Amino acid sequence: MKNLIDFFSFTDSSTRYVVLGVLLLMSSSSVVGTFTFLKKKALVGDAVAHSVLPGVCLAFMLAGNKNPVWLITGAFITGWISLYLIDTISAKSKIKEDTAIGLILSVFFGVGILLLTIIQHSGNAEQSGLNSFLFGQAAALVGKDLYVFGGVALVLLTTITLFFKELSLLTFDEAFARSIGLPVRALELLLTTLTVLAVVVGIQAVGVVLMAAILITPAAAARFWTDDIKTMIALAAFFGAVSGLVGTYISYVYENMPTGPWIVMIISGIAFTSFFFAPKKGILHKLFRQIRIKNKMNQENILKLLYQLGEEGKDFFVSRSISDITTRRPFPMRRLIKGLRTLKRQGFLKEKQRQWTLTKEGKLKGQRIVKLHRLWELYLTEYLRIAPDHVHEDAETIEHILTPELEARLEQLLDYPSVDPHASEIPYNH
Amino acid sequence: MMTKEAFQIILAGSLVAIPCGLLGCFLILRKMAMVGDAISHAVLPGIVIAFLLSGNRDSLTMLLGAGLIGIFTTFLIEFFHRMGKLQTDAAIGVTFTWLFAIGVILIDQFADQVDLDQDCVLYGEIAYVSLEQWTTSDGTMMGPRTLYVAGTVLLLVIVFILMGYKELVVTTFDPVYASAIGISTALWHYLLMAAVSVTTVASFESVGAILVVALFIAPPATAYLLTENLKHMMVLTVVIGVLVSLTGYYLAVLLDGAIAGAMATMAGVFFLIVFLFVGVRKKRKVQKTLLTAPEVIPKHD
Numbered sequence: 018m019k020n021l022i023d024f025f026s027f028t029d030s031s032t033r034y035v036v037l038g039v040l041l042l043m044s045s046s047s048v049v050g051t052f053t054f055l056k057k058k059a060l061v062g063d064a065v066a067h068s069v070l071p072g073v074c075l076a077f078m079l080a081g082n083k084n085p086v087w088l089i090t091g092a093f094i095t096g097w098i099s100l101y102l103i104d105t106i107s108a109k110s111k112i113k114e115d116t117a118i119g120l121i122l123s124v125f126f127g128v129g130i131l132l133l134t135i136i137q138h139s140g141n142a143e144q145s146g147l148n149s150f151l152f153g154q155a156a157a158l159v160g161k162d163l164y165v166f167g168g169v170a171l172v173l174l175t176t177i178t179l180f181f182k183e184l185s186l187l188t189f190d191e192a193f194a195r196s197i198g199l200p201v202r203a204l205e206l207l208l209t210t211l212t213v214l215a216v217v218v219g220i221q222a223v224g225v226v227l228m229a230a231i232l233i234t235p236a237a238a239a240r241f242w243t244d245d246i247k248t249m250i251a252l253a254a255f256f257g258a259v260s261g262l263v264g265t266y267i268s269y270v271y272e273n274m275p276t277g278p279w280i281v282m283i284i285s286g287i288a289f290t291s292f293f294f295a296p297k298k299g300i301l302h303k304l305f306r307q308i309r310i311k312n313k314m315n316q317e318n319i320l321k322l323l324y325q326l327g328e329e330g331k332d333f334f335v336s337r338s339i340s341d342i343t344t345r346r347p348f349p350m351r352r353l354i355k356g357l358r359t360l361k362r363q364g365f366l367k368e369k370q371r372q373w374t375l376t377k378e379g380k381l382k383g384q385r386i387v388k389l390h391r392l393w394e395l396y397l398t399e400y401l402r403i404a405p406d407h408v409h410e411d412a413e414t415i416e417h418i419l420t421p422e423l424e425a426r427l428e429q430l431l432d433y434p435s436v437d438p439h440a441s442e443i444p445y446n447h
Numbered sequence: 569m570m571t572k573e574a575f576q577i578i579l580a581g582s583l584v585a586i587p588c589g590l591l592g593c594f595l596i597l598r599k600m601a602m603v604g605d606a607i608s609h610a611v612l613p614g615i616v617i618a619f620l621l622s623g624n625r626d627s628l629t630m631l632l633g634a635g636l637i638g639i640f641t642t643f644l645i646e647f648f649h650r651m652g653k654l655q656t657d658a659a660i661g662v663t664f665t666w667l668f669a670i671g672v673i674l675i676d677q678f679a680d681q682v683d684l685d686q687d688c689v690l691y692g693e694i695a696y697v698s699l700e701q702w703t704t705s706d707g708t709m710m711g712p713r714t715l716y717v718a719g720t721v722l723l724l725v726i727v728f729i730l731m732g733y734k735e736l737v738v739t740t741f742d743p744v745y746a747s748a749i750g751i752s753t754a755l756w757h758y759l760l761m762a763a764v765s766v767t768t769v770a771s772f773e774s775v776g777a778i779l780v781v782a783l784f785i786a787p788p789a790t791a792y793l794l795t796e797n798l799k800h801m802m803v804l805t806v807v808i809g810v811l812v813s814l815t816g817y818y819l820a821v822l823l824d825g826a827i828a829g830a831m832a833t834m835a836g837v838f839f840l841i842v843f844l845f846v847g848v849r850k851k852r853k854v855q856k857t858l859l860t861a862p863e864v865i866p867k868h869d
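In the order they appear, the protein sequences are chains V and F.
Numbering of the first sequence is given in my numbering, commencing with residue 18 and proceeding in unit increments.
Numbering of the second sequence is given in my numbering, commencing with residue 569 and proceeding in unit increments.
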């Protein structure tokens with residue numbers, strides 16, 4: 018608990034720097050990631066992240082020290098080259114884009130590892146911190162480094178704010194952007210440059226290998242909560258910042274806990290929670306909705322059937338047993354009983370000694386389904402010229418979906434017909 | 569003249585590069601290079617857990633565990649894609665970074681119990697192949713242990729491809745036809761992914777979890793530029809794999825760097841050479857003559 022207070026009260030100046038730095042890096046990378054995610058270029062970001070390693074190493078070899086400006090420049094150059102090569106390879110040969118991405122990613126990373134080990138074997142005393150580019154080391158973010166990386170992060174956020182409208186348009190509708198005269202090529206270059214820069218700053222926090230998580234995961238999580246790009250960007254930045262903060266905290270408090278992987282664990286946790294529990298788009302919500310619709314169809318089918326039986330006997334309020342129902346239509350027994358009970362609870366059915374009777378409301382509801390079914394059959398035969406023996410299946414589905422508005426339009430269109438193509442009466446309320 | 573140590577390292581490199589390349593042929597033809605990349609990262613926690621449970625690295629448990637975690641990864645990616653309606657590239661990215669992060673955390677946590685470190689994850693220990701000898705119970709020296717592990721996996725992969733050649737080819741080039749003649753695309757998809765995971769784990773010690781991707785993708789991609797025939801592509805991949813191992817070793821010696829890194833570098837160099845000389849020309853030709861790979865598909869069966 019004391020650690021928690023220590024950490025968040027910013028009493029220690031180096032902690033304060035680290036927290037500020039991580040917040041900036043994570044939120045700016047996540048914001049850029051939202052655009053790459055929406056452009057379906059998520060894995061390209063992964064390739065760039067791996068490809069900056071040789072640039073960092075080369076810059077170190079040439080400069081002889083870890084001046085962040087040099088390292089960023091080096092990273093920027095090889096990151097750019099990798100993107101150029103991916104485009105060239107997939108455009109100029111029969112190699113597909115995903116193969117080109119994997120190829121560039123692994124080869125550039127291999128070159129980076131080769132250079133890194135050469136540096137390590139050379140015995141240069143300055144090299145000790147280079148490893149942190151592999152798995153990230155937010156705690157090392159102090160002094161000059163913080164200013165440089167924080168500066169880049171601010172540049173990223175400012176550029177995105179300035180070009181927000183253009184970038185959104187490019188992401189969602191490139192053709193339209195071109196037709197209204199936006200410089201699409203230049204904007205694409207801008208977005209690419211921003212991606213490379215986001216990677217360059219992000220690797221400080223989580224490292225080369227896990228950088229993809231910062232570009233992809235916050236945006237993926239945010240996508241499950243909203244359809245609005247502004248909200249999505251804000252959410253992604255928030256998710257990124259929170260995971261950066263918590264991840265740094267964990268590695269601050271516990272020994273042997275690496276920052277980068279913990280940041281990724283937290284952001285993955287947020288993402289999985291969103292995937293499953295987000296309202297509307299979440300997996301669970303979708304499952305529930307499916308079940309609800311299935312139940313509704315089941316209940317409507319039962320009412321429809323009881324109505325049809327009543328139609329035949331010219332009395333809608335006769336009590337029926339379960340076997341009366343199943344001889345007419347083979348419902349699965351469990352679903353049937355469940356449906357009957359729900360309908361009774363809702364007041365559409367009455368039950369007495371295992372005999373089921375429609376109530377007035379139940380009869381009306383069953384009647385409406387039957388009416389929709391027959392209207393639709395008539396519509397299909399009259400307007401689409403489908404043979405009367407082919408229309409039943411389609412009507413069987415649509416009867417549960419048609420809204421009162423569509424119902425009214427169908428009635429009007431068909432001029433309140435009295436019988437369907439099979440000469441069954443279409444029941445009206447009045 | 570090559571020293572015995574150099575020979576053993578180059579042999580180990582080849583034994584790793586060949587099965588990776590053979591499976592890689594199918595990965596890139598199926599447009600699944602990045603799924604292969606994801607699996608190679610994702611097996612890391614499996615390796616560490618198997619290590620903690622069994623106490624050594626070359627047990628059957630580890631290979632089995634790897635196969636399972638590879639299938640789990642593939643399943644997770646498809647689950648997020650199908651059920652969550654998440655775009656495929658994002659599903660891949662989210663899944664593998666999460667699993668890899670778990671792996672790194674486990675390594676750091678159990679550093680004293682697990683004979684693995686971050687360097688090993690990144691570039692393996694192929695330089696030390698000859699240090700670890702396999703000694704039988706009566707004390708006979710059988711040679712480097714890694715060679716046996718890699719050799720066994722190579723054999724397994726060759727048997728897998730020979731036995732399932734027809735199914736792999738049909739499900740790769742014509743999934744619709746495959747299901748029409750009763751071959752399950754999903755089954756072979758998951759089998760291939762399991763094979764990729766097992767090979768990754770076996771290669772992990774030698775070249776690390778990330779550089780193995782270079783061996784999966786670069787040699788087959790190079791071969792793919794040179795030929796349109798799948799069998800030729802596989803033979804070329806094997807040749808390139810051996811060349812990568814040979815030249816990679818000497819490059820590493822020359823520059824005093826990691827051998828695995830040098831192998832990946834050479835794999836890139838070979839691709840670049842072929843790309844510059846034939847890649848661009850081939851594209852034009854391919855547009856005229858359609859890819860002829862389906863010649864291996866049986867007419868009636």
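Just so it is clear, CB atoms sit at the ideal spot from N, CA and C, and this is done for glycine as well.
Note that the coordinates shown come from a computational prediction; the quantities given were computed from them, not determined experimentally.
Residue i and residue j closer than 8 Å at C-beta
{"i": "ALA885/F", "j": "THR656/F", "result": "Because chain F in this structure spans residues 569 to 869, residue 885/F falls outside the shown range and cannot be described."}
{"i": "ILE130/V", "j": "LEU724/F", "result": "no"}
{"i": "MET249/V", "j": "THR90/V", "result": "no"}
{"i": "ILE660/F", "j": "VAL603/F", "result": "yes"}
{"i": "GLY379/V", "j": "LYS321/V", "result": "no"}
{"i": "GLY692/F", "j": "PHE772/F", "result": "yes"}
{"i": "LEU798/F", "j": "VAL842/F", "result": "no"}
{"i": "ALA108/V", "j": "VAL217/V", "result": "no"}
{"i": "PRO788/F", "j": "GLN576/F", "result": "no"}
{"i": "ALA770/F", "j": "VAL846/F", "result": "no"}
{"i": "ASP680/F", "j": "LEU122/V", "result": "no"}
{"i": "GLY261/V", "j": "LEU40/V", "result": "yes"}
Supposed close pair residue i, residue j - CB separation, criterion 8 Å
{"i": "ALA786/F", "j": "LEU120/V", "result": "6 Å"}
{"i": "ILE607/F", "j": "THR768/F", "result": "6 Å"}
{"i": "SER285/V", "j": "TRP666/F", "result": "4 Å"}
{"i": "PHE126/V", "j": "HIS67/V", "result": "4 Å"}
{"i": "THR188/V", "j": "LYS56/V", "result": "5 Å"}
{"i": "THR212/V", "j": "VAL49/V", "result": "6 Å"}
Euclidean distance between Cα positions of residue i and residue j
{"i": "ASP869/F", "j": "TYR745/F", "result": "The predicted position of ASP869/F is uncertain, since its pLDDT is 42 and thus under 50; a value taken from the coordinates is nonetheless stated next. Roughly 12 Å between the two C-alpha positions."}
{"i": "PHE54/V", "j": "MET651/F", "result": "19 Å"}
{"i": "GLY623/F", "j": "VAL616/F", "result": "10 Å"}
{"i": "LEU392/V", "j": "ASP437/V", "result": "7 Å"}
{"i": "VAL726/F", "j": "VAL737/F", "result": "Strictly speaking, residue 726/F in this sequence is Ile, with Val absent from that position. Each residue's alpha carbon lies about 15 Å from the other."}
{"i": "THR740/F", "j": "GLY219/V", "result": "37 Å"}
{"i": "MET282/V", "j": "ASP63/V", "result": "17 Å"}
{"i": "LEU214/V", "j": "THR805/F", "result": "36 Å"}
{"i": "VAL682/F", "j": "SER185/V", "result": "48 Å"}
{"i": "SER149/V", "j": "MET630/F", "result": "29 Å"}
{"i": "LYS856/F", "j": "ILE112/V", "result": "Note that LYS856/F has pLDDT 48, beneath the 50 cutoff, so the model's placement of it is unreliable and no number is given."}
{"i": "TYR445/V", "j": "PRO296/V", "result": "39 Å"}
{"i": "ILE749/F", "j": "ALA669/F", "result": "42 Å"}
The ligand FAD heavy atom lying under 7 Å from the CB of residue i
{"i": "ILE177/V", "result": "Among the components modelled here there is no ligand, and therefore nothing to report on the ligand FAD."}
Below 7 Å between beta carbons is the criterion; list the residues of the segment 283 to 302 of chain V that meet it against any residue of chain F, in chain order.
SER285, ALA288, PHE292 and ILE300
I want to know whether the segment 354 to 366 of chain V touches the segment 400 to 420 of chain V - three or more CB-CB distances under 8 Å.
Contact between the segment 354 to 366 of chain V and the segment 400 to 420 of chain V is absent, because fewer than three Cβ pairs lie under 8 Å.
By the 7 Å beta-carbon criterion, what residues does the segment 210 to 236 of chain V contribute toward chain F?
VAL226, LEU227, ALA229, ALA230, ILE233 and THR234
Interface positions of the segment 583 to 603 of chain F facing chain V (Cβ-Cβ less than 7 Å), listed along the chain:
ILE596, LYS599, ALA601 and MET602
Within the chosen definition, does the segment 667 to 679 of chain F reach the segment 791 to 811 of chain F through at least 3 CB pairs nearer than 8 Å?
no
Three or more C-beta pairs closer than 8 Å, one from the segment 832 to 843 of chain F and one from the segment 812 to 824 of chain F: is that the case here?
yes
Using a Cβ-Cβ cutoff of 8 Å, what residues of the segment 39 to 60 of chain V are near chain F? List them in chain order.
PHE54, LYS57, LYS58, ALA59 and LEU60
Name, going along the chain, the residues of the segment 111 to 130 of chain V whose beta-carbon falls closer than 9 Å to a beta-carbon of chain F.
LYS111, ILE112, LYS113, GLU114, ASP115, THR116, ALA117, ILE118, GLY119, LEU120, ILE121, LEU122, SER123, VAL124, PHE125, PHE126, GLY127, VAL128, GLY129 and ILE130
Inspect the CB distances between the segment 630 to 647 of chain F and the segment 258 to 270 of chain V and report whether three or more fall short of 8 Å.
no
contact_flag[the segment 580 to 599 of chain F, the segment 343 to 355 of chain V] where n(CB pairs < 8 Å) is 3 or more
no
Within the chosen definition, does the segment 103 to 119 of chain V reach the segment 822 to 830 of chain F through at least 3 CB pairs nearer than 8 Å?
no
Between the segment 790 to 811 of chain F and chain V, which residues of the former have a C-beta closer than 8 Å to a C-beta of the latter?
TYR792 and LEU793
Taking contact to mean at least 3 C-beta pairs separated by less than 8 Å, is the segment 176 to 187 of chain V in contact with the segment 217 to 237 of chain V?
no
For the segment 636 to 664 of chain F, enumerate the residues whose C-beta is nearer than 7 Å to any C-beta of chain V, in chain order.
Here the close residues are PHE648, MET651, GLY652, LEU654, GLN655, ASP657, ALA658, ILE660, GLY661 and VAL662.
Stretch-stretch touch, CB-based, cutoff 8 Å, three pairs: the segment 240 to 258 of chain V with the segment 287 to 298 of chain V
yes
Taking Cβ-Cβ distances below 8 Å as the criterion, which residues of the segment 820 to 836 of chain F are in contact with chain V?
ALA820, LEU823, ASP824, GLY825, ALA826, ALA828, GLY829, ALA830, MET831, ALA832, THR833, ALA835 and GLY836
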